[in-house]
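Residue numbers (the working numbering): 12 to 329.
And the structure:
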């Protein structure tokens, strides 16, 4: 199988580590600058091809069975469309798949035109903590209610020189959507939702304080909050008839059982999530092996989430 990995940044390095462990042999890694490719080689021991995707496709005319796109947020949509136009039929596209819902919509329409498949890489769906929680939810008979928090830390975001102003302005989609995607994946998409927001700052003018509530299509009540002007962290809590499942941090699962105030860690094998970027090994393995795993989210469903959930959160009060 001929694999193209586009991107030599942090995520490109993480995917390379996984691809090595999976025994993938025929992998072409494409970067833009010679300097970036040199740093990639120093970090991974794998040589990348500089000059960008367009130049490589034109000069090498490579055969590509599948592609993994791990470039900056601003480039995600354009690179994936370029690959689809080239004829690639299966792509694993890093989240959030575009800078906004308009870009993601362009990718979705191109996928339909080319009769291709694009999986959006929300790797938290493959955390060991999440897979175990899914087992418990099934055993308990489903989700009754859930709550999530997506507070961000401006003091860590503002200094990020490699993140563009456009990406920071779309920070909910670019980053916070990790939490929202996971919460609604486990608890069910909204049937009804009321959203509120306040605040705003120079790098994220659309808001810094968010709250809302609703009921999911499965009948589960939900609420969310985030205050980027105050201390906080990401977190998800899922309530079933027998259990309160607590993801805080999301990589680890804790449980509060019925008739108890004790919060205990759940016994889980975290080996893969310790050896690799959490969730990435299984996500990549299933994609390469063409396993249609129910935890995958394809581009059409992701676009629906963007338009029906994420934009409602970020554009509340408007």
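For each residue, glycine too, the CB sits at the ideal point set by N, CA and C.
Near residue i, what residues of its chain come up, given a Cβ to Cβ distance below 6 Å and the 5 sequence neighbours on each side ignored?
i           : result
residue 63  : 43
residue 218 : 208, 210 and 211
residue 55  : 24 and 27
If residue i and residue j are in contact, beta carbons under 8 Å, what's the gap, nearest whole angstrom?
i           : j           : result
residue 144 : residue 256 : 5 Å
residue 310 : residue 129 : 4 Å
residue 149 : residue 193 : Not quite, the Cβ-Cβ distance comes to about 17 Å (not below 8 Å), so this is no contact.
Considering only their Cβ atoms, is the gap separating residue j from residue i smaller than 9 Å?
i           : j           : result
residue 261 : residue 267 : no
residue 102 : residue 65  : no
residue 259 : residue 162 : no
residue 151 : residue 253 : yes
residue 207 : residue 221 : yes
residue 247 : residue 158 : yes
residue 200 : residue 306 : no
residue 133 : residue 189 : yes
residue 82  : residue 58  : no
residue 320 : residue 196 : no
residue 32  : residue 286 : yes
residue 231 : residue 198 : yes
Which stretch, first to last residue, makes up the alpha helix (DSSP H) that contains residue i?
i           : result
residue 311 : 310-316
residue 139 : 139-151
Report the residue from the options whose alpha carbon sits nearest the alpha carbon of residue i.
i           : options               : result
residue 114 : 264, 90 and 240       : 90
residue 76  : 318, 308, 301 and 306 : 301
residue 226 : 23, 154, 30 and 173   : 154
residue 138 : 170, 49 and 281       : 281
residue 141 : 29, 318 and 263       : 263
By Cβ distance, which residues of its chain are closer than 8 Å to residue i, with the 5 residues on each side in sequence left out?
i           : result
residue 80  : 17, 18, 87, 90, 91, 94, 102, 103, 104 and 105
residue 180 : 214, 215, 216 and 217
residue 324 : 183, 191, 206, 208, 221, 223 and 235
To which residues of the same chain is residue i closer than 7 Å at the C-beta, ignoring the five residues directly before and after it?
i           : result
residue 68  : 97
residue 314 : 112, 115, 116 and 119
Assuming residue i is part of the beta strand (DSSP E), what are its boundary residues?
i           : result
residue 128 : 128-132
residue 39  : 38-41
residue 73  : No beta strand (DSSP E) contains residue 73, which DSSP labels as neither H nor E.
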